[in-house]
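Novice:
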Amino acid sequence: MLITLIRRELLNNLMTFRFAAATFIMLLLVVANTFVLINDYESRLVSHNNSVNMHKRQLQETNTYSAGEIRVDRPPNSLSIFNVGYDKQLGNEVRVTHIYVPSLWDAGMHGSSNPFMDMFASMDIIFIFEVILSLLALIFAYDAFAGEYQSGTLRLVLTHPVRRGNILVAKYISAMLCLIVPLSISLLLSLILLTTSTSISLNTDDFLRIGGIIFTSIVYLSVFYLIGLLISAITRRTSTALMLSMFVWGFLVLVYPNMILAVIPQHDAPQERKTSAYDKIEQVWQELDKERKQYLATDDFPGEDWGYELRGWGSRSSNFIMFGNPHTLIYKCRGVMKFTGFGEEDEYKMPHAQKHFRYLGPRIIDTADKTWLVRKPALEDIYIKPANTERIWLKLSPVGLYDAATKTWSGTDVRGVRDFFHAARQYRKRVNDFFLDTDVFGSRQWFSSDKEAADWSDLPHFAYQRVDSNINAMRALPDVCLLLMINVVLFIIIFLIFVKSEV
Amino acid sequence: MLETRDLTKIYNENVLAVNNLNLKVEDGEIYVVLGANGAGKSTTISMFLNFIEPTSGTAFVGDIEIPKFPLEAKKHLAYVSENVELYRNFTARQNLSFFAKLGGRKRVSNDELDETLGRVGLAEEAFTRRVKTFSKGMRQRLGIAIAIMKDAQAVLLDEPTSGLDPKGGADFLNLLRQLKEEGKAIFMSTHDIFRAKEVADRIGILVEGNLERELTREEIQRENLEELYLHYVAGYESKD
Amino acid sequence: MVWHFALFNIIWREIYDNLNSLRFALATLLLLGLMLTNAIVHLREHPERVQNYHNAVVEHHERLKAAADESLYKLAQKGPGYLPKKPSSLRFCAEGGEPYLSERAQGGHHRWGTDTLESFWILAYPSASPNRQNVRPVVSKVDWGFIIGYVLSLVALLFTFDAISGERERGTLRLTLANSIPRHTVLIGKFLGALISISIPFTLSILINLLVISTSSDVHLGAEAWGRLGIIFCIALLYTCLFLALGLLVSARVQRSAVSLVVLLLVWVVFVVFMPSTLASIAGRSTSSGPSLDFSERSEKLHEELSKEYYNNRFKEPADSHKGMQLDSEYVTKDAEQQERLHAERLNQRVEQVNRARTITRISPVTIVQHLLESFAGTGFERHLQFLENVQSYAREYRAFIDDTDRADPDSLNILGVPAGMSQKPVNPESVPKFEDTLNLSKDFNTAATELLLLVLFVMALISGAYLAFVRVEI
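Chains as they are written, first to last, in the numbering used here: chain A, 161 to 663; chain B, 221 to 460; chain C, 1155 to 1629.
(1) Just confirm the distance between the C-beta atoms of residue 363 (chain B) and residue 301 (chain B), as a whole number of angstroms; I'd bet it's less than 8 angstroms.
(2) Which residues bound the beta strand (DSSP E) around residue 297 (chain B)?
(3) Quick check on the DSSP output: the beta strand (DSSP E) that includes residue 426 (chain B) runs from which residue to which?
(4) Cα separation between residue 1379 (chain C) and residue 1593 (chain C)?
(5) Checking contacts by CB at 9 angstroms: is residue 291 (chain B) closer than that to chain C?
(6) In three-state DSSP terms, what is residue 381 (chain B)?
(7) Taking residue 327 (chain A) and residue 317 (chain A) to be in contact with their CB atoms under 8 angstroms, please state how far apart those CB atoms are, rounded to whole angstroms.
(8) Which parts of the segment 241-317 of chain A are runs of the beta strand (DSSP E), unbroken and 3 residues or longer, counting only runs that do not cross its ends?
(9) Residue range of the alpha helix (DSSP H) that residue 546 (chain A) falls in?
(10) Give the residues from the segment 319-337 of chain B that approach chain C closer than 7 angstroms (Cβ to any Cβ), ordered along the chain.
(11) Could you pull out every residue in the same chain whose Cβ sits closer than 7 angstroms to the Cβ of residue 382 (chain A), ignoring the five residues on either side in sequence?
(12) In chain order, which beta strand (DSSP E) runs of at least 3 residues are fully inside the segment 231-273 of chain B?
(13) In angstroms with no decimal places, state the Cα-to-Cα distance between residue 1163 (chain C) and residue 321 (chain B).
(14) Quick one: which residues of the segment 244-266 of chain A get their C-beta closer than 8 angstroms to a C-beta of chain C? List them in chain order.
(15) Between which two residues does the alpha helix (DSSP H) holding residue 281 (chain B) run?
(16) Please list the segments of the alpha helix (DSSP H) lying wholly inside the segment 1194-1280 of chain C, counting only runs of 4 or more residues, in order along the chain.
(17) For residue 1325 (chain C), would you say it is in contact with chain B, using Cβ-to-Cβ distances shorter than 9 angstroms as the test?
(18) Counting only the same chain and skipping the five closest in sequence on each side, list residues whose C-beta sits under 7 angstroms from that of residue 389 (chain B).
(19) Closest Cβ-Cβ distance between residue 303 (chain B) and chain C: below 9 angstroms?
(20) Taking only the alpha-carbon atoms, compute the straight-line gap between residue 1259 (chain C) and residue 1497 (chain C) and give it to the nearest angstrom.
(21) Given a cut-off of 9 angstroms on the beta-carbon distance, is the pair residue 608 (chain A) and residue 470 (chain A) in contact?
(22) Listed in chain order, which residues of the segment 1406-1439 of chain C have Cβ atoms closer than 8 angstroms to some Cβ of chain A?
(23) Among A:296, A:242, A:192 and A:455, whose alpha-carbon lies nearest the alpha-carbon of residue 512 (chain A)?
(24) When DSSP labels each residue in this structure, what does residue 652 (chain A) get in the three-state scheme?
(25) For the segment 1161-1188 of chain C, enumerate the residues whose C-beta is nearer than 8 angstroms to any C-beta of chain B, in chain order.
(26) For residue 1212 (chain C) and residue 1235 (chain C), I'd like the C-alpha separation in whole angstroms.
(27) Name the residues in the segment 259-273 of chain B whose C-beta lies less than 9 angstroms from a C-beta of chain C; which are they?
(28) Candidates B:407, B:305, B:298 and B:377: which alpha carbon is nearest residue 353 (chain B)'s?
(29) Near residue 527 (chain A), which residues of its chain fall below 8 angstroms by C-beta distance, leaving aside the five closest residues on each side in sequence?
(30) Only counting the same chain, and skipping five residues up and downstream in sequence, which positions put a Cβ closer than 8 angstroms to that of residue 635 (chain A)?
(31) Along the chain, which unbroken stretches of the beta strand (DSSP E) at least 3 residues long are found entirely within the segment 470-537 of chain A?
(32) To the nearest angstrom, how far is it from the Cα of residue 187 (chain A) to the Cα of residue 352 (chain A)?
(33) Looking at C-beta atoms only, is the number of pairs between the segment 1221-1238 of chain C and the segment 1352-1371 of chain C that lie closer than 8 angstroms three or more?
(34) By DSSP, does residue 225 (chain B) sit in helix, in strand, or in coil?
(35) Would you call residue 1409 (chain C) buried or exposed, if buried means 16 or more other Cβ atoms sit within 10 Å of its Cβ?
(36) Using 8 angstroms as the Cβ pair cut-off and three pairs as the minimum, do the segment 334-343 of chain B and the segment 364-372 of chain B touch?
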């Protein structure tokens, strides 16, 4: 019985103009944009590789350890083709140094991209789905009940011994089967394009993530189909149902996501939070400064110059500078020396200087770690929390939920990007350990290359691996569950309305 | 007076809808064209109203050639269509007044509207109700009111009695007779043989675009119309 | 003259029908909500923008005064400082990607210095990258451009998709045309009826928006601004006409209203939602083969080469000799020149790329209308270019002033860029030219003219298309 109903519905749907047109448009858009997106990804990858090489070269060319700037680069995420998220927007290179603990807010941007081009909205496959799939689902749903009420076929069907629940289920299943066709064809095509591209290599984890994206897309599709069914069941006239569906679509897809953040009150953390944290950080550094000066005053070398009055060939910062930015709560010091040679008369200063730097290095590491203990929760409160509140507002619409879930699957959400900075922090620890173990701070190469240039070959290597797909899944779970729950609730409501309605 | 001369319509090069139709409806005469679905009845009416350009031949209202002067011709034509839904958000009065104005009337008083609506048998409480609440019969009456209101020389009716209840049907025939008394040329298409027999002055039987047979008033009374119709339309021969 | 009368009758009926419909109520609600949001956001953000601008102007003046009080050399070496862009009071009409366009140019960029010689000022163009550290969700601004470009166009389609196909389905079209009314009258009647019906909620929401904005004490709209708003309103109506005509065209061609709506929505989605960004990324991509060296590396390399040459020559001359000073001057000015050229080159490349993208995206009507709104609201990219032009002409004026003043001082050696070679007297701060950003309406008209023409052409093409479709259709 159910099969008969489903078959009829399927035929009814598949043979329609709307199905053909929507599938065609969807394929066109997805394929065209996949080309553009792959291209964009490739150019970002090239720029990433260039930047990695440049940083390597620059580091090799630096002859003293203190002047060496170790930079790590965040590779572009290949799944950003699906949902670009924050992948392009947030900083993609960060310095790894003992002076401060790197975070998202210290990152820079490599690549010679044109900042003006950010004016144009960027696009990804999920955005196409967001707009078209929802539209498609509503177009399929609006006359599911209203049309049958109007044409009287529902009465005809119900003269036979058919349960109403069966009709509803048959409609749902067949429409979903139809709707999955354009979705899967277009995804398949874009996947084929992805795998044929030489620069993109997808591993098993990536396919699992893509699977998650597909599943979420189907759930999203179903939400909109059910919304359409609900409207259709309530209004009972096709023209009214169509009109209402389109307004609901316009509101959910177009208006709500853009309007809601402007309407809700701003969630900025109070300014005091920022200033108090910054004061604390400044204090930590002042302590370091005091200790440092104390050391200089009491050591067995006269004068309090941080650089031990070294005057060789090359350059050095004239002062031990400490500075910060209250905006991002960063605080750091600067004391760089790049000497290539010394006169004989300077030679006696060397052991003193080395001893000083050997003393100073670990203290700076320690201060930076202490700073991070203050800075991390403050950044969390000031930047992450308000952003999360805004995200919750956006998730009140299924579009927002879908967007958030697919971002999480792709790993282009803020958490995914921050994973990189977490890796950078781990790497910093390893670099620091390396510096301490090999007594880099106390070495002559810290400030001078006259005897021997700094040797960077033993430096630990940085490798960034994105988190496992099961972690992505865990992160996406709440949003996907919410979407599923919306489905269930809508289905129950429709069932109740449909069962009780007069025909 | 309505007249067609060799009126022919071929759709898409090969589908012959109306073939060399020659007929004439005098003033004060009711001409009923009988035919199965797709026989070309509606196409003929559409050509009278210039909704469709004839492939060849021509049609006249009075002495105005319709394809050449369609706007002028339409002044003398009123039209009642099958199953008209009308403007759903308008009341009966508003619909009538709207079409009266389209027909060229400048001012239409409520009294005049109400009189016409009453004449077609609409209940007074329905005058100010929105048409979306109307039954099919009520809408059909309103459609006829619109045609009457136009006070045209010729009236074209496209299956006007389909879906009317017996009372409505009888009322409708009376209205038609009144119009005939007023001297209008009436052209009606239908497949309702009994009503046709009751009211028609002449009957044409249209089969696949060809006017197979024309019956005068006397012939209508004399012949067994049903059998004749079935003979032409379905190729069906009576057993005896 | 009968048809004339019939036209009004048809228009009146259309309006009446629309006023009683669900779509009218929903459209009114939607537009009102959006316009109110727009007004509230503007009132929240605009005063801060104006305040920032005033602060920047004050800072600019103070910097000039401080340098002028010291000496002409300081004025010449340090430059005029940050040159702020004047915010438009009509920014609520079109955001125009303003957050991505820098709010200022940098006139004075200290790069290197020795005890005796310091780098000369150059004009640089810092870029704004508002999202580098922004972890908040990025959404498009609800400006008039968004409301008109996306929402109003969608509403226009929803008002017309069944205009003809619906009447055909209900049979009223036959009844109407059974009267002696030419078809184009019916079409025009439907068109004007829909236009007026849409104008009602649109005008209402705009009036409320402007009421909220203009009654606030923080925002002042002058007579010119109201004129611009009037033009923007007319452009919005013209744009609405485009979609009304499109709706009528499809509605006339297609038998069923539902099919008509599906076609229209797909066309709308492709042209309005996807076309602009897809085309922009294609256009942007085609030129990304930039120089292999990073900008800062190039800049450094140029400077290094020049300084090597300089030190080789300078070595031969005594420190304080006239010839030596001239060498210094040559070096400093040449360095400033080539650095500034480097900045200008990069800017030009970027501008060119954006211009290409903007030209290509004009295929989409929504881009056209957004460009138009930007030009009349005084925001967006064209406006930014105007600002850059203002900055550059100010830089010339400033340099000419330095030159003239230095020449007027009899004690000066007139060797620019060297402290000892220039006038050391303080300058009257009043006489120093100050930067003031201006907005030029006639220029706006020029840039907008082509786009306006394009929009009109689109509308005419679609209206005649709708006419042809409707006249030929068999009913």
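Note that beta-carbon positions come from the ideal geometry of N, C-alpha and C, so glycine has one too. Computed from a predicted structure; not experimentally measured.
Specialist: With the given structure in hand:
(1) 7 angstroms
(2) 297-300
(3) 422-427
(4) 11 angstroms
(5) yes
(6) coil
(7) 7 angstroms
(8) 253-256
(9) 545-554
(10) 319, 321, 322, 323, 324 and 326
(11) 336 and 647
(12) 235-245 and 250-255
(13) 7 angstroms
(14) 246, 249, 250, 251, 264 and 265
(15) Unbroken run through residue 281 (chain B) is the beta strand (DSSP E), 276-281; no alpha helix (DSSP H).
(16) 1226-1232
(17) yes
(18) 381 and 415
(19) yes
(20) 11 angstroms
(21) yes
(22) 1411, 1412, 1413, 1415, 1416, 1417, 1419, 1420, 1423, 1424, 1427, 1428, 1430, 1431, 1432, 1434, 1435, 1436, 1438 and 1439
(23) A:455
(24) helix
(25) 1163, 1164, 1167, 1170, 1171, 1174 and 1175
(26) 11 angstroms
(27) 266, 269, 270, 271, 272 and 273
(28) B:305
(29) 444, 445, 447 and 448
(30) 568, 573 and 575
(31) 473-476, 481-485, 490-494 and 497-501
(32) 13 angstroms
(33) no
(34) strand
(35) exposed
(36) yes
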